[in-house]
Amino acid sequence: MGKSKGFGLYLAFIVVLILIVYFTKNISESKYDNYTFKDFSEALNNKQIQAVTIVPSEDVPMGVVKFSLSSGQRAKIICSDVKEMEQILRDANIPYS
């Protein structure tokens with residue numbers, strides 16, 4: 001009986017830990033507005049983009065592009081080709097990481 005109680009506590013601890021990680025990730029992601037590629041292109045053409053971070057997906061070549069605007073707003077888009085996005089940023093002389 002004591003072993004099953006210990007297993008239950010261990011399982012409950014793991015579930016709580018998973019929930020904490022899940023909600024922490026969602027909170028940090030909610031700091032970014034979702035943009036379309038059209039919105040991103042307009043901001044790029046209007047020279048409103050200041051800092052860009054490209055986060056490649058495990059399913060290469062897709063990824064997420066997070067960026068800051070001159071207004072202080074932070075946004076993100078999902079891109080289907082990270083290499084293409086890097087070229088767009090290089091052509092616009094926008095540094096990225």
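With my numbering as the guide, the letters of the sequence shown map in order to residues 1 to 97. All C-beta atoms in this analysis are idealised placements derived from N, C-alpha and C, irrespective of residue type, glycine included. Bear in mind the structure is a predicted one, so any value in this text is a computation, not a measurement.
In the DSSP assignment, Phe67 forms a beta bridge with Val52 and Ala75. With a cut-off of 8 Å on Cβ pairs, the stretch 76-88 is in contact with the stretch 50-57, counting three or more such pairs.
Cβ-Cβ distances below 6 Å link Tyr96 to Val52, Ile54 and Leu89 in the same chain, with the five nearest sequence neighbours on each side left out; the list follows chain order. Counting every other CB atom within 10 Å of its CB across the protein chains shown gives Gly63 a total of 16 or more, marking it as buried. The Cβ neighbour count for Tyr10, taken over all protein chains shown within 10 Å, is under 16; the residue is labelled exposed. Looking from the CA of Arg74, the closest CA among Glu42, Ile18, Leu19 and Asp33 belongs to Asp33. No residue range can be given for Lys47, since it is assigned to no alpha helix (DSSP H) and is classified by DSSP as neither H nor E.
The alpha-carbon of Phe13 is positioned some 12 Å away from that of Val21.
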